[in-house]
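Numbering follows our numbering, with no gaps: position 418 of the sequence shown is 431.
For glycine and all other residues, C-beta sits at the position ideal for the given N, C-alpha and C.
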Amino acid sequence: MEFDVDARTASLSVGEFSGFAIAPRESGEGVSGAWRAQLGTEWHGRLRQQVASERTDAQFEVAIEGRIAHRGWVLHLTGRIDQFVPGESPAEAGLLREIKTVTRELPTTEEELRAAYPGYFVQIASYAALRRLGSERESLLRAELQFIEAGSGLSQVVALTPADDALFRSQLDCVTEFLEARRAARDRLRRLAFRHAFEQPRAGQETTVSDLAAAIGSHPGPILFEAPTGFGKTGVALEAALQHLHRGTFERVIYLTGKATGQLQVVSTLSAMVAASDVRQSHVLRDNAPGTGADAEASSVTTWLVRNKGEHCVNQVFECVREQCRFLDGAAARWKQSGLARFWLTDKESNDIESLRRAGRAATICPYEITRAALAFKDVWVGDYNYVFAPSASGLFRDQPGFRPEHTLLVIDEAHNLPSRAADSLSHRFDSLAAEGVSSELRRLRVHNRLLSAWESWARFLASLRSSESLPLEVEEDARHLVGEIGSVAAEVPVANADLAPGVGETLWALAAAAEQLRSIDVRRHWWSPAAGQLEITCLDAAAHIGTTLSDFAQVVFLSATFGPPDVFSSACGLDEEAAAADPAAATPPGRLGSLNRKETKQLYAHLTSGAELLRVEEQKAGSAPLTVRAATPWRDGAYDVACDVRADTRFQHRSRYFDLTAETLSTVRGAARGAIAAFFSSYAYSDAIREELQAAHSELRISMQPRRSDLASKTEWVESALADSDILILVLGSSFAEGIDLLGGRISHAVVVGPALPEVNAIQKARLADLQAAGLTREEAFRRVYQIPGMTKVNQALGRLVRASGQRAKVLLHCQRFVEPGYASLLAPEYRGGTLIADDAALERWLNQPVPT
């Protein structure tokens with residue numbers, strides 16, 4: 014749907030118009046709709062041949078369009094009707110016919126069909142209304158729906174009646190009411206009032222907000238906003254976003270972050286900024302926008318935090334099968350009387366997950382459907398990366414009525430995690446036991462033999478697999494063929510989810526979804542078997558998918574404390590590919606002009622005919638390239654006193670020789686500290702070994718090791734307890750304690766990082782290494798991208814949590830020879846580079862005896 018709230022015009026297809034609804038959608042066919050669509054195409058073809066043989070003047074796929082004025086809006090509707098059969102005489106009205114394939118048994122009552130498929134009747138009524146516009150000759154035009162039972166081909170015709178025109182008018186009401194709500198939202202945002210993100214900004218925060226807002230308003234390409242941990246990136250980004258919502262630069266903001274705690278922080282920060290307050294004490298932008306004079310009533314921004322579908326579920330066991338869930342089955346019929354529209358018609362209703370679950374239970378409607386319906390009316394959507402980048406989840410945002418990414422600001426927090434998270438959403442895992450379970454269930458249901466045979470072949474194939482870091486090419490080809498075969502058959506053979514045993518439907522359709530992804534999303538993948546009977550299809554590089562997805566949005570802002578090398582991050586997110594796609598003329602011309610044929614030469618000169626054109630191309634490339642905005646943080650200058658300890662080599666094959674030295678170093682550093690120290694390790698196994706060494710040599714030291722799994726409250730409790738009662742806190746680089754716990758700032762005077770946290774060498778890392786080399790990188794550069802950059806990013810993340818505010822200081826010992834090697838040292842954040850060199854015990858004592866800088 015395209016619309017202009019100032020001109021009060023909208024353009025949409027008849028299909029969009031007839032299916033438009035702010036309510037649960039009844040879809041009894043579920044994911045098996047794919048096979049129905051394919052059979053529908055076949056039945057359409059047969060009926061077309063039949064009608065064409067009877068009436069040579071019949072027309073097919075006839076374009077119909079028209080403009081309808083309704084409630085102050087003008088809607089331009091376009092579509093194609095399946096068949097138009099002219100009257101046999103000038104006095105006889107013609108016939109419009111729309112054909113629909115359904116799964117229910119036919120014939121049945123007209124009332125049942127109307128109740129089950131209201132959108133189909135709106136669609137045919139819309140075609141009839143458009144065809145009759147301005148034509149007296151067609152004022153008596155007839156119309157009908159022809160239903161076809163997918164499995165048998167049985168047919169039932171339902172004629173449109175004059176009363177059905179009310180369906181069309183009712184749908185006009187529904188669409189224009191929504192468009193009016195969008196217009197009201199635009200006017201409300203023009204009166205937007207909000208507090209500054211920081212009541213008393215620290216040095217750098219105020220100017221950084223201005224810098225980021227200016228960049229968003231002027232730079233057409235992606236923006237990388239880099240700020241250290243504790244700076245207040247969330248508040249800065251939200252304040253800049255609210256400024257642009259007010260100005261009308263965007264109509265909506267999507268804020269993504271990978272952790273639930275981060276999402277809650279976004280909502281909490283935003284709530285504090287837009288809480289009701291005296292406008293004179295708020296930050297209100299005027300910018301000469303209409304309706305924002307001094308007397309205009311201030312307004313707020315509306316927000317919705319999207320939690321995953323399972324968290325919404327109110328059943329004891331989460332398995333989303335519509336026909337088996339009383340909160341889903343028939344929800345559309347209960348919706349109008351449910352009163353759930355209060356969640357978007359008023360800002361008085363709390364929309365946290367527990368409130369949604371209570372409301373859903375009371376109305377006997379799935380709480381997730383409340384979220385689905387409410388989003389269309391909200392200005393800021395907060396959620397996980399998956400709602401934009403995972404094919405299995407992105408429909409929640411993409412299919413929202415009125416959602417226009419080209420008018421949306423996308424903010425991606427902790428963006429250094431995006432490439433791996435997007436790759437995870439494009440990866441798949443299968444095992445033979447689950448496949449055999451599907452086969453057994455399909456045998457029980459006596460489904461079509463093609464589908465059963467395909468699944469039995471798949472189960473046998475998985476059972477034959479032995480552990481392998483990479484499938485031989487011939488085995489990979491067999492796997493591709495079987496996945497494609499099941500995907501193809503699943504699109505043709507009906508299976509009702511309601512008939513399947515618990516868990517079977519999820520496995521069955523996961524494979525069909527994988528087949529669709531393999532067909533439609535072109536990324537590099539690795540096929541391997543981690544254990545006997547298991548197959549993993551791992552996405553090695555999601556850059557192309559990320560870049561394509563990002564290109565839909567008006568503006569994208571990435572937030573991180575640790576982007577790493579900007580060129581590597583841009584490449585991992587497909588930003589270089591996005592820039593090239595934005596202007597095909599900017600593609601690098603052939604190096605050997607003499608090899609061009611006449612056609613190629615003509616095409617080249619069509620783009621590059623002058624120096625001015627060459628300059629234009631370069632300017633466009635520069636404009637679409639990422640722009641880095643760095644936070645001003647004068648309070649971090651000199652806050653870290655870093656030393657590099659070259660006495661130890663912590664590489665896996667050498668580290669055991671230095672266990673005693675590492676343990677003794679930790680004891681020595683603890684002796685110089687004013688309280689507990691933090692010791693960061695690359696793995697639990699490594700930290701366990703050093704803990705045992707410490708306990709044997711220094712039993713008086715109190716050591717606390719981070720728990721492996723716990724919720725946020727338990728993690729916070731552990732940190733507080735460990736800081737109070739321990740001498741050494743052992744933390745693992747890359748864990749939530751090193752990346753997501755913000756309680757160490759100013760409370761740890763000394764820290765030791767025991768080696769860079771390089772990823773473990775495994776099948777996937779080897780495959781990524783080989784993949785980058787095959788793409789033309791040297792082995793050294795490939796190693797840097799696969800191992801060094803991720804490892805050093807974890808170090809930078811951990812150290813960033815030690816100094817989070819003005820006046821905080823920390824001494825940091827980097828304990829490994831590798832930290833002084835150029836390949837590793839260059840990847841440290843600037844404030845951690847060039848520290849004191851520790852070559853012997855005496856040098857360590859001298860450095861420790863120097864006071865922490867103030």
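Could you give the distance in angstroms between the alpha-carbon of residue i and the alpha-carbon of residue j?
i, j, result
"LEU251", "ALA20", "30 Å"
"SER739", "SER712", "13 Å"
"PHE238", "ALA842", "15 Å"
"HIS420", "GLU264", "6 Å"
"GLY577", "THR262", "30 Å"
"HIS259", "THR270", "23 Å"
"TYR800", "LEU840", "12 Å"
"GLU193", "SER183", "15 Å"
"VAL2", "LEU588", "In this structure the chain extends from 14 to 867, so residue 2 is not present and cannot be described."
"SER433", "PRO803", "11 Å"
"PRO769", "CYS657", "12 Å"
"ARG846", "ASP426", "26 Å"
"ASP654", "LEU827", "11 Å"
"LEU524", "LYS322", "20 Å"
"ARG649", "GLY243", "11 Å"
"THR520", "ALA386", "28 Å"
"PRO303", "VAL266", "For PRO303, the pLDDT reaches just 45, beneath the cut-off of 50, and the residue's location in the model is therefore unreliable, although a value from the coordinates is still provided. Going from the Cα of PRO303 to the Cα of VAL266 covers about 21 Å."
"ASP17", "ALA645", "39 Å"
What are the boundary residues of the alpha helix (DSSP H) that includes residue i?
i, result
"ARG195", "178-203"
"LEU369", "366-376"
"ASP854", "854-862"
"THR520", "517-533"
Drop a sphere of 10 angstroms on the beta-carbon of residue i, count the other beta-carbons inside from all chains shown, and report buried for 16 or more, exposed for fewer.
i, result
"THR174", "exposed"
"PRO603", "Model confidence at PRO603 stands at a pLDDT of 43, short of 50, so the residue's coordinates are unreliable and nothing is read from them."
"ASP95", "buried"
"ALA855", "exposed"
"SER533", "exposed"
"ARG456", "exposed"
"ALA592", "Caution is warranted here: a pLDDT of 49 is assigned to ALA592, below 50, making its placement in the model unreliable, and the coordinate value is therefore given only provisionally. ALA592 comes out buried."
"HIS494", "exposed"
"SER695", "buried"
"PRO233", "exposed"
"HIS325", "buried"
"ALA544", "exposed"
"ARG59", "exposed"
"HIS89", "exposed"
"ALA36", "buried"
"ARG355", "exposed"
Specify the secondary structure class of residue i as computed by DSSP and reduced to three states.
i, result
"ASP491", "helix"
"VAL766", "strand"
"VAL506", "coil"
"GLY352", "coil"
"ASP701", "helix"
"ASP554", "strand"
"GLN666", "coil"
"ILE137", "helix"
"MET909", "Look at the range of the chain in this structure, 14 to 867, and you will see that residue 909 is not part of it."
"LEU674", "helix"
"HIS83", "strand"
"GLY396", "strand"
"ILE559", "helix"
"TYR130", "coil"
"ASN276", "Inspection of the sequence shows that residue 276 is occupied by Gln rather than by Asn. GLN276: helix per DSSP, three-state reduction."
"GLN786", "helix"
"THR91", "strand"
"LEU736", "helix"
Which residue marks the beginning of the beta strand (DSSP E) containing residue i, and which one marks its end?
i, result
"MET14", "Here MET14 belongs to no beta strand (DSSP E), and DSSP marks it neither H nor E."
### Query
Between the stretch 109-121 and the stretch 150-167, are three or more C-beta pairs nearer than 8 Å?
yes
### the stretch 742-749 contacting the stretch 656-671, beta-carbon criterion three pairs below 8 Å
no
### Query
Does the stretch 441-452 touch the stretch 543-559, meaning 3 or more C-beta pairs lie closer than 8 Å?
Yes, they touch.
### Query
At a cut of 8 Å, does the stretch 379-392 reach the stretch 324-344 through at least three beta carbon pairs?
yes
### Query
Taking one C-beta from the stretch 354-363 and one from the stretch 398-410 each time, how about it: are there three or more such pairs within less than 8 Å?
In short, these stretches do not touch, since the Cβ pair count stays below three.
### Query
Does the stretch 757-769 come close enough to the stretch 704-720 that 3 or more CB-CB pairs lie under 8 Å?
no
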